[in-house]
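In what follows, a single structure is set out as structure tokens and then discussed.
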Amino acid sequence: MNPRFLIALSIASLLTLVRVFAQPVVVSEYYNDNPPQEWTEILVLEDNLDLRGWVVTDNNASQTARQGGVRFKSIPYWQHVRAGTIIGIWHRDYISNSPQDFDTSMADGRVMLAKNDTRFFDPYAAPDVQFPDAPMNLAQEGDIMEIFDAQGNHVHGLGHRATPGSYWLAMPEPKLNTASALNNGQSNRVFPGSVLSQYNGPHGAPLSEACAVNITRTLPNKSCSSSVSNWEFWHAARRPQWTFPRLQATVTSSNVQLAWNSALDPYPQDSTQGYLLVRDSAGQDFLPEQGRIYRDGERIGSTVVLAHLPSTATSYIDPVSLVCGVSYTYRLFAYRYGQDDEYGAYPPPQSTRGRQYNIASFAQVTALKQVEQGPALRTDGSPTTFCDGGSVVLSVPSIPPGYQAQWLRDGAAISGATSTTYRATTGGEYRLRLRRPDGCFVLSDSVIVTVHPSPTVTTFPPPAFSSAKIRRS
Ligand SMILES: [Ca+2]
Ligand SMILES: [Ca+2]
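According to numbering that gives the first Met the number 0, the sequence shown is numbered sequentially starting from 0.
Below is the structure:
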């Protein structure tokens, strides 16, 4: 990475610290060619977004006047668009009937629609349109793809031109402008595009690139010089959020009853989100592959897929009779989107297409058959909620002879924690598991420990500048 790039990037980062945008939709990439082959790729970043009446439009070659494009029709299709939805728009008609080129189903979070498909779009022409017969026609010398909300407010714009035109200069942020022409066969794309703040910057900022290689229609963007992509940004937008997931298991003689708190789903009516519930009896740390569709009853090593559940579900009964001495670990993953229309059940994981699981924040619990009442945990009197750096000591008074102790956090054994006391410094649900001489397990009750990040003080700008703002986070 050359020093000028680093300096420019750090200046761009500083600028975005001062002005923070939360644009709900961004222009991600567009491709210049003869109009029937041209397309624009936009990415939805806000969940359950009403896109009815929104506009995507282009500009003229000198970047001085808005031209035309599409207005999203006022139909239910656009009313509850989910975060992470990828919208590709052909600038004319569908170029083939393959699912790659003609995809109107939004259940997988990706569509490829034609501007001229009046089921989804009304034609849009700006008041100052210069060529009413050819709107949404990318020009080599310069252009801008711009998004407006239903009230006509600027949302985001991505342009290209060696020198910026008056429209681009006057256009509100957030916006980017690649400082070059865009020949036929080239795409202009946001890159690195790994955080939202990188979708805004001054003309020529090293935040977008135009070239004829690594063109990625409705896929995460790649740089002109390497195949690294911003798939993690796309994935993070497409997976459900689940803060502090908690899964509890109650073992009875005939089943295991599971209950959990909910992952965030602002629009459960569309059944776009759900849960994948798995069970393991051999300590395998199963994580689902992104994009892959699993079947109920499917086995992956020692893990079995128990069920797919709607996002409104908060409980499940596993009709399994636990044997004394055997422990089952349950994992519950929140997901968004169905099977990808183009790739099917096994998309390449870094394509971010199809079903996206939150494997960074999921719920887990271990179920054991209790043959005797477990001990109650004690604390040392310290609070169980504290800041980073704090701790609380958990203990039991004594352990019966021959019993082996093991502390668990969120159902998983803590390495080396085998005495009657444990000092907890990280958040989670703590239990003590005792193994009896006959091999059966006994579980204590649980203590939930919550750890908040310590307040940190950041000075900005750096001390070399004359004034400083203090940010607390
Ligand atoms: Ca689709
Ligand atoms: Ca792309």
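By construction, the Cβ of each residue, glycine as well, lies at the ideal position given by its N, Cα and C atoms. These figures come from a predicted structure and were not determined experimentally.
Own chain residues within Cβ distance below 6 Å of residue i, not counting five before or after
{"i": "P309", "result": "G273"}
{"i": "L14", "result": "Because the pLDDT of L14 is 48, which lies under 50, any placement of that residue in the model is unreliable, and the question is left without a value."}
{"i": "L157", "result": "V26, M144, L175"}
{"i": "T177", "result": "H159, N187, S207, A209"}
{"i": "T365", "result": "S326, T328, G410"}
{"i": "L137", "result": "N31, E37"}
{"i": "S381", "result": "V391"}
{"i": "L367", "result": "S326, F440, L442"}
{"i": "S453", "result": "C386, D387"}
{"i": "Y476", "result": "The chain is shown from 0 up to 472; residue 476 falls before or after that span and cannot be answered."}
{"i": "V370", "result": "C323, C439"}
{"i": "T311", "result": "P267"}
{"i": "Q99", "result": "E341"}
Near ligand 1: residue i beta-carbon under 7 Å from a heavy atom
{"i": "D107", "result": "yes"}
{"i": "V110", "result": "yes"}
{"i": "S350", "result": "no"}
{"i": "S270", "result": "no"}
{"i": "D340", "result": "yes"}
{"i": "D102", "result": "yes"}
8 Å contact criterion, which residue i and residue j should meet: CB distance rounded
{"i": "D409", "j": "Q363", "result": "6 Å"}
{"i": "V392", "j": "T383", "result": "Actually they are not in contact, since the Cβ atoms of V392 and T383 sit about 11 Å apart, beyond 8 Å."}
{"i": "T271", "j": "R81", "result": "5 Å"}
{"i": "D102", "j": "M111", "result": "4 Å"}
{"i": "R354", "j": "G337", "result": "6 Å"}
{"i": "Y356", "j": "N47", "result": "About 20 Å; that fails the 8 Å criterion."}
{"i": "L68", "j": "T56", "result": "What sits at residue 68 in the sequence shown is Gly, not Leu. About 4 Å separates the two Cβ atoms, so the contact holds."}
{"i": "V303", "j": "R278", "result": "6 Å"}
{"i": "N220", "j": "S228", "result": "6 Å"}
{"i": "D387", "j": "V450", "result": "6 Å"}
{"i": "Q240", "j": "A262", "result": "7 Å"}
{"i": "D339", "j": "P346", "result": "5 Å"}
{"i": "L286", "j": "L331", "result": "Not confirmed; about 12 Å, so no contact."}
{"i": "R352", "j": "R118", "result": "Actually they do not touch by this definition, with Cβ atoms about 23 Å apart."}
{"i": "V448", "j": "G427", "result": "6 Å"}
{"i": "P436", "j": "F361", "result": "Contact doesn't hold; Cβ gap of about 35 Å is too wide."}
{"i": "S301", "j": "S252", "result": "Their Cβ separation, rounded to whole angstroms, is 24 Å, which puts S301 and S252 out of contact at 8 Å."}
Cutoff 7 Å; reference residue i; Cβ partners in own chain excluding five residues on either side
{"i": "V325", "result": "S280"}
{"i": "G164", "result": "S61, Q62, T63, G141"}
{"i": "L398", "result": "The residue you asked about is not Leu; residue 398 is Ile in the sequence shown. Within the same chain, I398 has close Cβ partners A404, T419, L433."}
{"i": "R91", "result": "P34, P35, A113, K114, N115"}
{"i": "Y123", "result": "V54, T56, G67, G68, V69, R70"}
{"i": "I41", "result": "V24, V25, V26, S27, V55, I86, I146"}
{"i": "I316", "result": "N254, Q256"}
{"i": "G151", "result": "none"}
{"i": "R422", "result": "S390, V392"}
{"i": "A258", "result": "Q247, T313, S314"}
{"i": "S73", "result": "R51, G52"}
{"i": "E297", "result": "V304"}
Reference residue i; option with closest CA among the options
{"i": "H159", "options": "Q185, P171, G151", "result": "Q185"}
{"i": "H202", "options": "M170, R216, L44", "result": "M170"}
{"i": "N59", "options": "Y166, P122, I41, Q99", "result": "Y166"}
{"i": "Y76", "options": "S443, A106, G87, Q99", "result": "A106"}
{"i": "V189", "options": "T351, V255, C223", "result": "C223"}
{"i": "H307", "options": "V448, L321, R335", "result": "R335"}
{"i": "A236", "options": "L407, F385, G192", "result": "G192"}
{"i": "S445", "options": "A248, D100, I214", "result": "A248"}
{"i": "E45", "options": "D127, Y315, V154", "result": "V154"}
{"i": "T162", "options": "A180, P318, D148, A149", "result": "A180"}
{"i": "I473", "options": "V370, P400, L431, Y402", "result": "There is no way to answer for residue 473, as the model of the chain reaches only from 0 to 472."}
{"i": "F130", "options": "N183, S104, R65, Q139", "result": "R65"}
{"i": "L218", "options": "W233, R291, S301", "result": "W233"}
{"i": "L195", "options": "D264, P173, Y93", "result": "P173"}
{"i": "Q78", "options": "T424, P400, E341, A149", "result": "A149"}
{"i": "L376", "options": "P396, V370, A211, Q369", "result": "P396"}
{"i": "R238", "options": "S252, G290, N260, I214", "result": "G290"}
{"i": "N213", "options": "Y429, G401, Y29", "result": "Y29"}
{"i": "N260", "options": "T242, V128, N183", "result": "T242"}
{"i": "P374", "options": "E341, T425, A333, Y429", "result": "Y429"}
{"i": "V43", "options": "I299, P126, Y198, S394", "result": "Y198"}
Residue i Cβ short of 7 Å to ligand 2 heavy atom set
{"i": "R188", "result": "yes"}
{"i": "L218", "result": "yes"}
{"i": "S27", "result": "yes"}
{"i": "E40", "result": "yes"}
{"i": "T215", "result": "yes"}
Residues near residue i by beta carbon distance below 8 Å, same chain, minus five either side
{"i": "T417", "result": "Q403, A404, Q405, W406"}
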